[in-house]
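Peer 1: Below is one structure. I have some questions about it.
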Amino acid sequence: MAPKLTLVLIEKTPSQKKRELYYTPEKELQIAEKRNYWQFRTRHQDIEEFLTKIFLPAGYPKTVTPDYLQYQVLNAAQAFCNSLASLLASRAVLEGMGVGDPSASSTYAMLLSVLQDAFGRITTIFGAYYLGTFLVPEAKLYRFLADVLNDLAVIIDTLSPIFSSFLFPGARVLGLCTSAALRALCGVVAGGSKAAITLHFATPSTGSGDVGDLNAKDSSKETVLALMGMLLGGLIVPYITSPWAIYPLLFILIFLHLTINYAAVHVLAIRNLNKQRATIAWLCYRSDKEKLLFPQTVAKHELLFDPPGTLRDPNTHRVIGECHIGSAPLDVMRGSALSMDFIEIFAADKYLVCFDPRTPLTERSTHDPKCRPSIHVCFRDNYSLDDQLKGWLHAVEICRLISLRKIPELSDPEATQAALIKSTYEDIKNFYDPFKKKLEKDGWNLAEHHLMSGNGPKACLSGVAETSQRKISP
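Here the UniProt record's numbering is used: the first residue of the sequence shown is 1, the next is one more, and so on.
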């Protein structure tokens, strides 16, 4: 009979700590901790692990995207600058309210606070209404814009004590209400864009993170940074009392704040397509099909303040056209687009593209760099995400060929437009699937994209027919 053997179980923690369990045939149980690694740990390593658990998400770095740490470092630096600048603004506001002045009225300060709060709440309502649907598609732009709005509020608050002296009576109250509105708008913009960026961090190409844990760790980092800023500011600000010291320091802090924040936003490599990223990826693919299209590669070509509908060559940064997605078909379909032959070009898809009636394709526009084509993308009922992406890429391809002057040579401009749209439709049909597979291979998330913001298209084409009737009765 074979001898009974001791059972050995080995466990390992995420931090590589090991323990072994021995269970003998005599039913004796022993647990031993393997200290061959841990006994040589230094105090520095223990502190590093402790701070990692407090400030970084569980499972780091596997549960976040590669750009997470660099963004967090820069974000921490800009938040520290902002906390120092905010202390200068807070002192100016308190002085303006009469802190330290025996003749100041507490009722006046209370009413001013109520007025500021009212301005802020009204701005929040209108800001959420007008900007809510644009925050996710353009998260990088609005994340930076939030800090611009905040810095404008800081500047107004800091200068508020001198408003009434140099401007007009009541200017200080108007300035403080304006700064309250700017801060409220900053809260709306920052909240939506931060949520989009957090979701980006929590969805790496392999695995997934915990959005709740990311938010919690971000809050803890912001709390520590705000505390450090207040402590340092509390030591410095009492010695900075003259305007010749306050204003230069304020503008230096704001310059550093915006510069670092711009760098932080620029390192983000978001994996969801928006208008600019789709344009860059397609133009790079059409110029070199073997070129790597990683999100990090595309992010290097992104421009923060480029209008969303602008089509720009990523290599030369030259504008090659503009595109409007989700246009109402009956408003923009004119000329050759109003024919069954034209509509049947798109019979297999749920989108249509056409030239803007105000910027038709003419011989002058094809040779004058200042005459840029304007393309509209319209949709039929029951369109899909693929139809949105195809429509946008089709518009980009049309503008690309016009910029390269590779267009049909026809005498009739309308016939040229129709021929160009038809030929580029064939290009999209041939290259769309390989392009999409390459994007997925290079790490893009195509399950959702942000090409169309707002409530969707203005209108969809729901029916097409021909009739012998010449007049339509109302």
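We put the beta carbon where it would ideally sit given N, CA and C, even for glycine.
(1) Are the CB atoms of residue 143 and residue 189 within a distance shorter than 9 Å?
(2) Just curious, the alpha helix (DSSP H) that residue 257 is in, first and last residue?
(3) Nearest-angstrom Cα distance between residue 117 and residue 187?
(4) Would you decide whether residue 11 is buried or exposed? Buried here means 16 or more other CB atoms lie within 10 Å of its CB.
(5) Rounded to a whole number of angstroms, what is the C-alpha to C-alpha distance between residue 207 and residue 302?
(6) Report yes if the C-beta distance between residue 254 and residue 378 is below 9 Å; otherwise report no.
(7) At 3 residues or longer, and completely inside the stretch 367-392: list those beta strand (DSSP E) runs for me, N to C.
(8) I'd like to know whether the C-beta atoms of residue 356 and residue 394 end up nearer to each other than 9 Å.
(9) Take the Cβ of residue 8 as the centre, count every other Cβ of all protein chains shown within 10 Å, and call the residue buried at 16 or more, exposed below.
(10) Assign residue 248 to one of two classes, buried (16 or more other C-beta atoms within 10 Å of its C-beta) or exposed (fewer than that).
(11) Identify, in the order they occur along the chain, each residue of the same chain with its Cβ nearer than 6 Å to the Cβ of residue 312, setting aside the five sequence neighbours on each side.
(12) Do you know how far the Cα of residue 232 is from the Cα of residue 93?
(13) Taking 8 Å as the cut-off, is the beta-carbon of residue 351 closer than that to any non-hydrogen atom of the ligand ZN?
(14) Within 10 Å of its beta-carbon, does residue 6 have 16 or more other beta-carbons around it, so buried, or fewer, so exposed?
(15) Please state the DSSP three-state secondary structure of residue 455.
(16) Provide the residue span of the alpha helix (DSSP H) that contains residue 64, from first to last.
(17) For residue 274, list the residues DSSP reports as bridge partners.
(18) Under 7 Å Cβ to Cβ from residue 196, same chain only, skipping five residues before and after it: list those, please.
(19) Whole angstroms are fine: how far does the CA of residue 75 sit from the CA of residue 280?
(20) According to DSSP, is residue 91 helix, strand or coil?
Peer 2: Taking the geometry as given:
(1) Translated into positions along the sequence shown, residue 189 becomes position 189. Translated into positions along the sequence shown, residue 143 becomes position 143. Yes, the pair counts as a contact, with Cβ atoms nearer than the cut-off.
(2) The sequence position of residue 257 within the sequence shown is 257, counting from 1. Its alpha helix (DSSP H) spans residues 243-266.
(3) Taking the first residue of the sequence shown as 1, we reach residue 117 at position 117. Taking the first residue of the sequence shown as 1, we reach residue 187 at position 187. Computed Cα separation, rounded: 13 Å.
(4) Locating residue 11 in the sequence shown gives position 11, where the first residue counts as 1. With fewer than 16 Cβ atoms within 10 Å of its Cβ, residue 11 is classed as exposed.
(5) If you number the sequence shown from 1, residue 207 lands on position 207. If you number the sequence shown from 1, residue 302 lands on position 302. Taking the straight line joining both Cα atoms gives about 26 Å.
(6) As a first step, residue 254 must be located in the sequence shown, where it is residue number 254. As a first step, residue 378 must be located in the sequence shown, where it is residue number 378. No, they are not a contact pair.
(7) 374-380
(8) Taking the first residue of the sequence shown as position 1, residue 356 is located at position 356. Taking the first residue of the sequence shown as position 1, residue 394 is located at position 394. For residue 356 and residue 394, no; Cβs fall outside 9 Å.
(9) In the sequence shown, the residue the question calls residue 8 occupies position 8. Residue 8 is exposed by the Cβ-count criterion.
(10) To locate residue 248, count along the sequence shown from 1; it is residue 248. Exposed, because fewer than 16 other Cβ atoms sit within 10 Å of the Cβ of residue 248.
(11) Here residue 312 is taken as the residue at index 312 of the sequence shown, counted from 1. Excluding positions up to five away in sequence, the list reads 319.
(12) Locating residue 93 in the sequence shown gives position 93, where the first residue counts as 1. Locating residue 232 in the sequence shown gives position 232, where the first residue counts as 1. Going by the C-alpha atoms only, they are around 20 Å apart.
(13) By its list of ligands, the structure shown contains no ligand whatsoever, and the ligand ZN lies outside what it can speak to.
(14) Taking the sequence shown and counting its residues from 1, one reaches residue 6 at position 6. Under this definition residue 6 is an exposed residue.
(15) Indexing the sequence shown from 1 puts residue 455 at position 455. Coil at residue 455, not helix or strand.
(16) Counting from one through the sequence shown, the residue named residue 64 turns up at place 64. Looking at the DSSP string, residue 64 is not in any alpha helix (DSSP H), and its letter there is neither H nor E.
(17) To locate residue 274, count along the sequence shown from 1; it is residue 274. Note: residue 274 sits in a beta bridge opposite 450.
(18) Here residue 196 refers to the residue found at position 196 of the sequence shown. Same-chain partners within the cutoff: 135, 136 and 139.
(19) As a working mapping, residue 280 is identified with position 280 in the sequence shown. As a working mapping, residue 75 is identified with position 75 in the sequence shown. Each residue's Cα considered, the two are about 26 Å apart.
(20) Locating residue 91 in the sequence shown gives position 91, counting from the first residue. Residue 91 falls in the helix class under three-state DSSP.
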